[in-house]
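Just below is one structure, and these are the notes that go with it.
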Amino acid sequence: MNEDITLNPQNPSEGMAERQREELTLTRDAEPQMRQQMQIQYANGIQCPHCGTMNDPEAIYCASCGNPIGKTACPNCGAEVDPDADFCESCRRYIKFDVCSFCGARLSGSDAFCPECGSPRGGIVCPVCHTLNDFSFCKQCGTALTDEARELLEKVHELPAFKELQRLATSVQQLEQSIPYASDRDLLKDQRNIKLRERVLTLLAEDRGIAHPEIPEPENKRLSKEEYDARKKERLEQIAAILDKMVQPPHPSPAQVRNYAMACRPQGVRLAWECNFKHALHSSPCGCAKPQLGGKWIIFGKDVKKEIKDDL
Ligand SMILES: [Zn+2]
Ligand SMILES: [Zn+2]
Ligand SMILES: [Zn+2]
Ligand SMILES: [Zn+2]
Ligand SMILES: [Zn+2]
């Protein structure tokens, strides 16, 4: 990039040095002009990135289209937050005190419980893992905490796509609990065990008067390292394909997106939620400031370059 070239004093190429000088001159010439432009922009206010309207420099919402354009301070820790964010990613607290975090209904100053869904304003303690939650599903263990959440969970679990997703996730979990052959000695030992099993089963059958019994294949045949890797890769790809189809679309209510995403999460594989806000990875949409922009679950494995932002 340009910056790297101009900043690097030991540039070996002559042509590069020439270009460097040119660029430096260009930058120097452009500088006062740019500063001037910025001042004009500042004096006139801020331009809305959504509709182009110039707004008051202190505006938080666009006067024309109503989209958020400025920043506000988190009422809890003071960190800079988007005005339409209901969760602060710095102090990890719910910050829209006039909106029910569980269902999105409007709250008045004195309500201790939401008049719409009956949830307590102070949060719900998960009966399974005892984590205090501001949202309808436990961010730690995924338990549905409200009646609405339990109903949604039942509905999503009836979807054929979710059933297939859960079946695959369980099969990956079972696969991970099995131990593939590590060496030829392992293989020999296993073959000896299979022969022993056949002999015992044959003897037992003969005791019952069956001369040539049919011995069923062992149910969980051990896999070689290659078979194990190939099967796991295949399963994870199938899971990723279903997760791609079950994306959580944008919705004006952040509560709706959080709840739907949490209901779609299968048990058994490690997932991260990738938001459309900053394309950050969260351990769940409960850790995102603006889930209303939508997002999706992705498999969190060693191939994922990004770190989870808010590991619990
Ligand atoms: Zn606008
Ligand atoms: Zn905060
Ligand atoms: Zn509510
Ligand atoms: Zn829990
Ligand atoms: Zn996010």
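So the sequence shown is residues 8 to 319, counted in my numbering.
Ideal Cβ placement from N, Cα and C applies to all residues, glycine included.
As the structure is a computational prediction, the values presented were derived from the model and not from experiment.
Cα-Cα, which of R99, R242, L172 and E314 is closest to K297? For K297, the nearest C-alpha among the options comes from R99.
Contact between the stretch 252-259 and the stretch 167-174 is defined here as three or more beta-carbon pairs at a separation below 8 Å; is this criterion met? Result yes; three or more Cβ-Cβ pairs closer than 8 Å.
Using only Cβ atoms and a threshold of 5 Å, which residues come within that distance of a heavy atom of ligand 5? Order them by chain position. Going by the Cβ distance cut-off, the answer is C282, F284, A287 and C295.
With respect to the beta strand (DSSP E) encompassing L278, which residues constitute its N-terminal and C-terminal limits? L278: member of the beta strand (DSSP E) spanning L278 to C282, first to last residue.
Indicate, with yes or no, if ligand 4 has a heavy atom lying under 7 Å from the CB of D55. The residue asked about is misnamed: residue 55 is Cys in this sequence, not Asp. Not under cutoff, so the answer is no.
Thinking C-beta only, is W280 closer than 8 Å to A268? Going by C-beta atoms, A268 is nearer than 8 Å to W280.
Nearest neighbour of D89, chosen from I217, A66 and G59 [CA to CA]: Considering only I217, A66 and G59, the residue with the shortest C-alpha distance to D89 is A66.
Residues whose Cβ lies closer than 6 Å to any heavy atom of ligand 3, in chain order: Having a Cβ closer than 6 Å to some heavy atom of ligand 3 are C107, F109, C110, A112, C121, E123, C124 and S126.
Is A86 near ligand 2, in the sense that its beta carbon is under 7 Å from a heavy atom of that ligand? Correct: A86 has its Cβ closer than 7 Å to ligand 2.
With a threshold of 7 Å (Cβ to nearest heavy atom), would S97 be considered close to ligand 2? Distances from the CB of S97 to the heavy atoms of ligand 2 include at least one below 7 Å.
Nearest-angstrom Cα separation, counted from G59 out to S71: For S71 and G59, the distance between alpha carbons rounds to 9 Å.
What residue does the alpha helix (DSSP H) around K232 start on, and which one ends it? The continuous alpha helix (DSSP H) containing K232 extends over residues K232 to K252.
Does the beta-carbon of V135, which I'm using as the reference point, lie nearer than 7 Å to any heavy atom of ligand 4? Yes, Cβ of V135 sits closer than 7 Å to a heavy atom of ligand 4.
Would I315 and L278 be called neighbours here (beta carbons separated by less than 8 Å)? No, these two residues do not count as a Cβ contact at 8 Å.
What is the DSSP secondary structure of T153, reduced to helix, strand or coil? T153: coil per DSSP, three-state reduction.
Tell me the rounded alpha-carbon separation between L159 and R192. When the Cα atoms are used, L159 and R192 turn out to be separated by approximately 51 Å.
So is the beta-carbon of C69 under 7 Å away from any non-hydrogen atom of ligand 2? Because no heavy atom of ligand 2 lies under 7 Å away, the Cβ of C69 does not count as near it: no.
Could you give the DSSP three-state label for L33: helix, strand or coil? Note that L33 scores a pLDDT of 42, beneath 50, so its modelled location is shaky; the value from the coordinates is reported in the next line. In this structure, L33 counts as helix in the three-state DSSP scheme.
Taking the beta carbon of H289 as the centre, do at least 16 other beta carbons fall within 10 Å, making it buried, or is it exposed? Looking at its Cβ environment, which holds 16 or more other Cβ atoms inside 10 Å, H289 is buried.
Tell me, which residues are paired with E123 by DSSP? DSSP links E123 through a beta bridge to no other residue.
Is it right to say Q46 is buried, meaning 16 or more other beta carbons lie within 10 angstroms of its own, or is it exposed? Note on Q46: pLDDT 38, under 50, position unreliable in the model; no value is reported.
So, is C133 buried or exposed, given that buried needs 16 or more other C-beta atoms within 10 angstroms? C133 counts as buried, since no fewer than 16 other beta carbons sit within 10 angstroms of its beta carbon.
Please determine whether the Cβ atom of Q147 lies at a distance below 7 Å from any heavy atom of ligand 4. In this structure, Q147 has its CB closer than 7 Å to one or more heavy atoms of ligand 4.
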